[in-house]
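Colleague: Dumping the structure here so I can ask a few things about it.
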Amino acid sequence: MIIYSDDGYPPFSYSVKGKAAGIYPDIVREVANAMPEFEVTIKPIPWRRGLMLLENGQGFALLPPYSFPKKRPYIAPYSQPILAEAVVVYCHQQVSEKLSKPLDWPSSFEGLRIGINSGYGLGGKAFWKMVQDGKIKIREAKDTKANLLMLEARRNDCYLHVDLSVKWVMKQIIVQGELNNASWLVAAMEVDSQQGYLGYTAIAENYPYKQAFIERFNQVLLKQQQNGVVEKIVGTYLN
1 MIIYSDDGYP PFSYSVKGKA AGIYPDIVRE VANAMPEFEV TIKPIPWRRG LMLLENGQGF
61 ALLPPYSFPK KRPYIAPYSQ PILAEAVVVY CHQQVSEKLS KPLDWPSSFE GLRIGINSGY
121 GLGGKAFWKM VQDGKIKIRE AKDTKANLLM LEARRNDCYL HVDLSVKWVM KQIIVQGELN
181 NASWLVAAME VDSQQGYLGY TAIAENYPYK QAFIERFNQV LLKQQQNGVV EKIVGTYLN
């Protein structure tokens, strides 16, 4: 069976020479190794494409959606929670200096343009209500790197994303020489925390093994979380 994974969300889930890499694929591989009765392949794919495959039943499972049952009714069920991710709004230093303190999310960011990753629904109901009302503008980019480069160039004022992903990608950008430093990048505030899951298509008829896989996956994942296997995998990406 094929499990699709986001190809543009480092260090959590990305693609290296066409192979799924990152924290979530590594965790799922460890779980799958303890489930020899299922033959699992993890295939990286653009995030919106993965969501579409689940929506029309052409994909069995996708890594690592957050739980948005009303927004994405075509994903059901979700696995045992895999990881908790802190969601932070980063701003360009020139913007951050002008924000009135103490900060309140999202009202303190009214009138600003905030970058987000395409297909992500972060920020909460109040944030999206302000977007709908035209009080905050959003601009989507394909991945974290693109958003950070846009922020540095002041094409956006702030960037809403998962903290570890921003830090990891920013480090890679500097190592690769695309930017000299991150002194302009300010973590304004943590706005939310989300759990990442393995999400399954709600269309079950093409996958007679679905329920058996779900139950076994959750059982093995929970055991590996308790045994410190998941924590060890995450630790390899923090150094």
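Quick note: the sequence shown, position 200, residue 200 per my numbering, numbers continuous.
Built from N, CA and C at the ideal position, the CB exists for glycine as well.
Predicted model only: the values in this text are computed from it and were never measured.
1. Identify every residue that forms a DSSP beta bridge with residue 8.
2. Given this structure, state the Cα-to-Cα distance separating residue 125 from residue 72, to the nearest angstrom.
3. When we look at the beta-carbon of residue 123 and count the other beta-carbons within 10 Å, is it buried (16 or more) or exposed?
4. Which runs of the beta strand (DSSP E) fall wholly inside the stretch 94-154 and span at least 3 residues, in chain order?
5. Which residue's Cα is closest to the Cα of residue 3: 16, 17, 51, 139?
6. Residue range of the alpha helix (DSSP H) that residue 50 falls in?
7. With 16 other CB atoms within 10 Å as the buried threshold, where does residue 181 fall?
8. Let me make sure I understand the geometry here. Which of 94, 89, 147 has the alpha-carbon closest to that of residue 127?
9. Can you tell me whether residue 190 is helix, strand or coil according to DSSP?
10. I'd like to know whether the C-beta atoms of residue 197 and residue 74 end up nearer to each other than 8 Å.
11. If we ignore side chains and look at the alpha-carbon of each, how far apart do residue 229 and residue 135 end up?
12. Per DSSP, what are the beta-bridge partners of residue 236 in this structure?
13. Who are the near neighbours of residue 8 in its chain, counting only those whose CB is closer than 8 Å to its CB and skipping five residues on each side?
14. Can you confirm whether the stretch 153-171 touches the stretch 89-101 when touching is taken to mean that 3 or more C-beta pairs between the two stretches lie within less than 8 Å?
15. Can you tell me whether DSSP reads residue 164 as helix, strand or coil?
Modeller: The structure says:
1. DSSP, once it has assigned bridges, lists 14 as partnering residue 8.
2. Take the alpha-carbon of residue 125 and the one of residue 72: they are about 15 Å apart.
3. Flag for residue 123 reads buried.
4. Correct list: 113-117, 137-141.
5. For residue 3, the nearest C-alpha among the options comes from 51.
6. Per DSSP, residue 50 belongs to the alpha helix (DSSP H) from 47-55.
7. With fewer than 16 other Cβ atoms from the protein chains shown falling within 10 Å of its own Cβ, residue 181 counts as exposed.
8. The option with the nearest alpha carbon to residue 127 is 89.
9. Strand at residue 190.
10. In this structure, residue 74 does not lie closer than 8 Å to residue 197 by Cβ.
11. For residue 229 and residue 135, the distance between alpha carbons rounds to 44 Å.
12. In the DSSP assignment, residue 236 is bridged to no other residue.
13. Listed in chain order, the non-local C-beta contacts of residue 8 below 8 Å within the same chain comprise 14, 15, 46, 47, 117, 142, 143, 144, local neighbours out to five positions each way being set aside.
14. By the Cβ criterion, the stretch 89-101 is in contact with the stretch 153-171, since at least three pairs of Cβ atoms, one from each stretch, lie closer than 8 Å.
15. DSSP places residue 164 in the helix class (H, G or I) of the three-state scheme.
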